[in-house]
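Below is one structure, written out as structure tokens, with a few remarks after it.
Protein chains: 2
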Amino acid sequence: MEAKYVYSFEEGNKDMRYVLGGKGANLAEMTNIGLPVPQGFTISTDACNDYYKNNETISDNIINEIEEKLKELQEKQGKTLGGEINPLLLSVRSGAVFSMPGMMDTILNLGLNDTSVVALANSTQNERFAYDSYRRFIQMFSDVAMGIPKYKFENALDKIKEAKGYTLDTELNVEDLKELVKKYKEIYTKEIKSQFPQDPKEQLMLAIKAVFKSWNNPRAIVYRKLNDIPSDLGTAVNIQSMVFGNMGETSGTGVAFTRNPSTGENKIFGEFLMNAQGEDVVAGIRTPKDISSLKEVMPKAYDEFMKITSILENHYKDMQDIEFTIENEKLYILQTRNGKRTAGASINIAVDLVGEGIINEKEAIMRIEPKQLDQLLHPRFESKSLNEATVIAKGLPASPGAACGKVYFNAEDVVDAKNRGEESILVRLETSPEDIEGMVCAEGILTARGGMTSHAAVVARGMGKCCVAGCSDIKVDEYNKEIRTEDVVIKEGEYISLDGSSGCVYIGKVEKTEVSLTGNFEKLMNWANKYKSLMVRTNADNPRDAKAAIKFGAEGIGLCRTEHMFFDEDRIPAVREMILSKTLEQRLVALERLLPMQQKDFVDIFRVMDGKSVNIRLLDPPLHEFLPHDDETIKSLSESMKVSVSEIKRRIVDLDEFNPMLGHRGCRLAITFPEIYIMQAKAIINGAIEATKEGIKVMPEIMIPLVGEAKELKVIKEDIKETIDNILEKENMKIDYTIGTMIEVPRACLTADEIAKEADFFSFGTNDLTQMTFGYSRDDAGKFLGEYVNRELLEKDPFEVLDQRGVGKLIELGAKLGKSVKPNIKLGICGEHGGEPSSIEFCYKAGLDYVSCSPYRVPIARLSAAQAVIKNEK
Amino acid sequence: MEAKYVYSFEEGNKDMRYVLGGKGANLAEMTNIGLPVPQGFTISTDACNDYYKNNETISDNIINEIEEKLKELQEKQGKTLGGEINPLLLSVRSGAVFSMPGMMDTILNLGLNDTSVVALANSTQNERFAYDSYRRFIQMFSDVAMGIPKYKFENALDKIKEAKGYTLDTELNVEDLKELVKKYKEIYTKEIKSQFPQDPKEQLMLAIKAVFKSWNNPRAIVYRKLNDIPSDLGTAVNIQSMVFGNMGETSGTGVAFTRNPSTGENKIFGEFLMNAQGEDVVAGIRTPKDISSLKEVMPKAYDEFMKITSILENHYKDMQDIEFTIENEKLYILQTRNGKRTAGASINIAVDLVGEGIINEKEAIMRIEPKQLDQLLHPRFESKSLNEATVIAKGLPASPGAACGKVYFNAEDVVDAKNRGEESILVRLETSPEDIEGMVCAEGILTARGGMTSHAAVVARGMGKCCVAGCSDIKVDEYNKEIRTEDVVIKEGEYISLDGSSGCVYIGKVEKTEVSLTGNFEKLMNWANKYKSLMVRTNADNPRDAKAAIKFGAEGIGLCRTEHMFFDEDRIPAVREMILSKTLEQRLVALERLLPMQQKDFVDIFRVMDGKSVNIRLLDPPLHEFLPHDDETIKSLSESMKVSVSEIKRRIVDLDEFNPMLGHRGCRLAITFPEIYIMQAKAIINGAIEATKEGIKVMPEIMIPLVGEAKELKVIKEDIKETIDNILEKENMKIDYTIGTMIEVPRACLTADEIAKEADFFSFGTNDLTQMTFGYSRDDAGKFLGEYVNRELLEKDPFEVLDQRGVGKLIELGAKLGKSVKPNIKLGICGEHGGEPSSIEFCYKAGLDYVSCSPYRVPIARLSAAQAVIKNEK
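Protein chains in written order, with the UniProt record's numbering: chain W, 1 to 874; chain E, 1 to 874.
Below, the structure written as structure tokens:
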């Protein structure tokens, strides 16, 4: 069978999104369930890939198929493209497999030329409409298909308006528009060195190519990266007969969500504009009206629309985002798709749909993108601080959350600020796809124009980023880089705070508060616990983090780093004394001073974790990290320690390393200075005894870092066991403790069978394991890693998403070898990846027992762990 | 069956060396082939291990076995241990599985006490002999078994000699000796707080324990490490009835090699002393006579001995090292073993034995320890320089080779010098086992006393280290740290040169010359080529090294590092300019300047390697390695480049890395700066064209370093291929070239199937692979690696000997995955391990095609490669 590249809407269905794109598949589906969809056809994503394969040309067979479908469409519509009597006009839109709002380009009114514009004027009896449509088409086509800058056309328009003294576009009369069409064609000719194409088929082919090309425009590439969309999917092209919302006061256009995308409330949510085309709503030029008011304007169309929204939501079993146009009171549905929503809405909708019997718990769990939870888990403004804060303006609560930052007025400045380590707020009149990178880097987004479905609002919600949109209380002066209100001027670099849930804009920094799991969120998390099999632990080095993690459902500590405890101001002198000791005796004295402090650390953590496992990693970093490097501190250290400055400097130089990552650290320290781990072991067990005596259930796991050879672990374990067992015997106590190791050196994975003989548990330290497996220093890789990801040499930054093909293989091998000698060995992961959804699924499949992540990622990990089980059931 | 721990000589044979030790097994073998061996029995190595297992006690069942065998021995001899009439005297000697000369301790004349000494005097009619034996026994027992310092006894002896005005020990009469025995017993009592043990069985058990203990004395441990002898083998103990070479002028003792251990000449080589015990020969106190003169002194014994040497050599099919004693004209063989020999002798003997039909070629190949070849491959003195040099003394040519260094007078100073990076000569009156570490660290050894079989000579030959022994022309003043001859004084730290083949000692530094493969060495190497299957290539970055390697039989270049070419004084300015370029254009200009220089490098190498493969690795190190770090060079660079100092410094800081090993280097440079590799590719192919036009056969292999992901290699390969193919097309030439990669990052091994699709060859870069697999920075690991090897946490330094359990697993995986997609992919290794015998055997077993090593290691690699095949045939 020959490949098929073009499908009429009647030939498709919703499951064909990989062929027809999301939009095309849904247009087909709606057509087939009898909804009023303007007729048309879809050019498949395969055609797009074919286009790129053929060096950016459309194959003849595809052209033939297009012409055939166009012929069918003309017959169905009884109109001819470019026809002199009843001309067929087309919209040409992209339609990728996964929704990429604002990323791809659209051309409307295609088919207009100097002849058909007259025919359109005749057939609609509306000459102004016809010429308005023609000038819009010329501009859109020139911009989108031919790359002529939009402002050239806008300047021409402004000039006419100025000359005539108009303020609104609607004031332009037919003659003005005819003049404008002439001007626009001149601009085209000047830029392209040829006449504006009068052949509608040429227009069509150029438009299709433009859609294909836009698949690889920089904004699209950024969006795909941001949303993990493979770059080889390609985009489909939807060719649809035009319907017009701008045919006068019985026409209009709008978008609506079947539920509230910000809160999840089960109530239609949307906007419309009378006498307008679709872009007018999303572009935010005119402020649209709430969908509910359509009832009064056009009750019949409204009722029909409401019926259709209900049909669509039930059909797709999810909240829908629907575009519609009313042409002379007749309703058309132009698009439906699963609506983007905030994390909060996402949860509420999923839980509600379960309550309504539409989906089940597992489906609800699968509906939530784990990463999206991030926005629910970040602090909100503290109410006390909020009460004291000064509101300078109020806009639309476009995407919830709390954000503080310095204001910057364009994407580049925000990116620069981010690189300098500053938190910033992107402030724009209105955002456009060019702002995407700035939106990624900003803490929050503030726009002066646009509604709840404006670009800024939709994209920010998708990102889970705080956004206040359409804030007409402020003047945004992008040129002078300042925000002005009646009372205040805020200049570039000054702080503001945004509350995305209330729409309030505050001057200065407003304090944030902690968040917790309640209501539907809690319900969903409980379902997650019901289905997940991986335990979720947390990385926490202090009682505060441990408490926060427990609140989020952490089932233990997977990594308690002890070195952070050493940096404390009270302790660092003793640590330095220990390091600078010349003899074992001196070192023992210094360690003796540290012992009670470490012991207290552990008691405090044991109290918080009562009944839950606490995995404590013994000292890991190279000793030079604890030594000062500035002359002043060295001098004061010299005085307090009564050691000469030169002696200290000599020691610092001695300890310096070429590659500290691969140097004298981790268990290697314990081989040369066994007394350090022995002190830590004492502190742990003394702490455990103290806590146990208070009635607390203590479950310590002692973790030896950086083991690469079983014998290292063996000798260190013997020292620790001896230390602990002596103390327990003396105290006549029994405390169950285990001793295990980080698996973070490639060799540890390769020899995991030998290491397992000595270990009660393995915790895969995927940060270091990634560094060594790739040979990337995390501190240095910035110089090339960005380029690697951009050029797709690597799919992802392997420090964020576990590299399953390389590092993952080592983990699988380590797990397999470990279990081969000790089937019940406890296996976990404690690198950054422990909170990353795809990495968690990998851990589940690799047979690990737990993942450990930062406190705020615990819910993400719980949800991901549940999804891993459900996904792999199929 | 109950374990057996004690074997009479009749019960053993030569194949039981793991049970009886080498000495015991050979004593048993000789006993059973009817040679005159003093009767006795051997306590097995198992008994030694049992001793250590039981917390350093000898089990009762072993004691019972010993007593039983002792009873048998007494019956056979018709004597009783400690008997009052005809007392049995015993020697107690250690006997390890592998010969460890001078390492273990011996006690002679055991069984003497205040009663049996009288009986011995009576039975031998030689009272002086009896008391001399008794005082020797007390001293040896006290020293070896009880740890009383020897000098205490020597002082007592010296006092008597002084009081009586004697110069020689032989001047002591019976009364003197009786007095001395009394004194010695007093010393014993004072030190040990108990009487000297009179019970011979107590003496025996203490002596056996002393042997067991000596297995773990520090010298023994050092020797084992040096010679790769496992520490869990244990030592056997040989208990043998005494025979006396010191019974007067019809008695004597000696050692002989069946061939010359220094040259391999097929002629008996040995020394003896009349009226002496064995230690007197090896200790170097009296200067022994050549074995040939025994013919005149005792023709009958000499003839019998010659017959026996021939029997033994034919029996063992190898050159033997034999100890003998003549007691009252009766010859006894006390020991035989395969004699230690120089590398040169080793080759000559092996080749001669093939010529004599005693062994075959393969056996000859297996006879040579590849590492030993090292001594043949090091430069000798240049004859011109030698003619001009001043000989200050001449000693015995104890171990061949040429050595230059600063003189030091004790082992510690030599070790310190080595640590400072100095070459040194260890100068001693005579060496003892305490000097082992100094001998390891010295370039050569010079002693004033001792013969060809003295400690210094034997150990130096074993190590392949140059040694001039018994150089009585010089006075060695260890106290004032100087060497004095009639004419000159050489102080500590001044240079001398030693010729171990002539025995000459030169003042100052004598130039050395290259060596080559000729004669038997060449013959053996040709046999090696006949049996080996691995190709042996060399690592060479310049024509000089390439030439040297070809002379040694290199079959190609396995690693030509291009960065070394960049450090050249002429080039570094252009390199720095390239690095400091702000734009691509500037960088291209600088690279254009480097191009002709690189091209010349390659032409020169291609000329030398005519017809052989040349594997060229493109730029590998991080760019900051090429930048200056001292202010002066920065300033002059600033002037020559017309770039401000601060700009240069900023760039240096920019390029600085936390972990350069894991930083922006290797192919990562080519991802960010593709133009660098493109320039190198041009230089290679232009060079190849130039050489081809000269009629040279060029086989370039282009190697991309540090690949961790197939896509890296893919994009770089495309650039290079395009560059080269364009040039070849333009020149209308055809040159076969291949493009492959280093496999040196763990992830490359893990994803080798994907990488193989893009690679014509893999070259395992085991230096970096070891660093990353272990997580050891080679530059920093010195801080702990020594301790790891000493404490046996690692068997070997993994940078010297390939870690087969860890790194080896990755190599096997990489080779397997690579072949799974490309069965004929060429596989090699180019790390330091390519010249290390056990690593080469691993490479053979892992299915690699070639190894590559430094030029001087090529013969070692060829031999190892042949041995790998032969070993694995079995």
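Each residue gets a CB set at the ideal place from its N, CA and C atoms; glycine is no exception.
When the cut-off is 7 Å and only beta carbons count, does residue i lie next to chain W?
i                      : result
residue 766 of chain E : no
residue 806 of chain E : yes
residue 657 of chain E : yes
Would you please verify whether the beta carbon of residue i is less than 7 Å from any beta carbon of chain E?
i                      : result
residue 677 of chain W : no
residue 46 of chain W  : no
residue 249 of chain W : no
residue 711 of chain W : yes
residue 708 of chain W : yes
On the three-state DSSP scale, how would you describe residue i?
i                      : result
residue 21 of chain E  : helix
residue 262 of chain E : coil
residue 506 of chain W : strand
residue 153 of chain E : helix
residue 721 of chain W : helix
residue 562 of chain E : coil
residue 99 of chain E  : coil
residue 583 of chain W : coil
residue 404 of chain E : strand
residue 877 of chain E : Absent from the model: residue 877 of chain E. The displayed extent of chain E is 1 to 874, so no value can be given.
What is the C-beta distance between residue i and residue j, in whole angstroms, given that I count them as a contact (C-beta under 8 Å)?
i                      : j                      : result
residue 381 of chain W : residue 398 of chain W : Wrong, their Cβ atoms sit about 17 Å apart, outside the cutoff.
residue 677 of chain W : residue 719 of chain W : 7 Å
residue 140 of chain W : residue 108 of chain W : 6 Å
residue 838 of chain E : residue 801 of chain E : 6 Å
residue 278 of chain E : residue 334 of chain E : 7 Å
Give the interface partners of residue i over in chain W, defined as CB-CB distance under 7 Å, in chain order.
i                      : result
residue 881 of chain E : Because residue 881 of chain E is not part of the residues shown, which for chain E are 1 to 874, the question remains open.
Give the residues of chain E in contact with residue i, contact being defined as C-beta atoms less than 7 Å apart.
i                      : result
residue 788 of chain W : 671
residue 772 of chain W : 746, 772, 775
Applying a beta-carbon distance threshold of less than 9 Å, which residues of chain E neighbour residue i?
i                      : result
residue 751 of chain W : 805, 806, 809
residue 660 of chain W : 658, 659, 777, 780
Closer than 8 Å by beta-carbon distance: list the chain E residues that pair up with residue i, in chain order.
i                      : result
residue 715 of chain W : 791, 793
Review point. Where in the segment 741-787 of chain E do unbroken runs of the alpha helix (DSSP H), each at least 4 residues long, occur, reported from the N-terminal end onward?
Key: 746-750, 752-756, 766-774
Check your understanding: Which ranges does the alpha helix (DSSP H) cover as unbroken runs of at least 4 residues, wholly within the segment 278-360 of chain E, from first to last along the chain?
Key -> 278-283, 294-297, 299-316, 343-355
Practice item. Return the chain-ordered ranges of every alpha helix (DSSP H) run that is complete within the segment 446-490 of chain W and spans a minimum of 4 residues. Key: 455-463
Practice item. For the segment 37-64 of chain E, list the beta strand (DSSP E) runs that are entirely contained and at least 3 residues long, ordered along the chain. Key: 40-43
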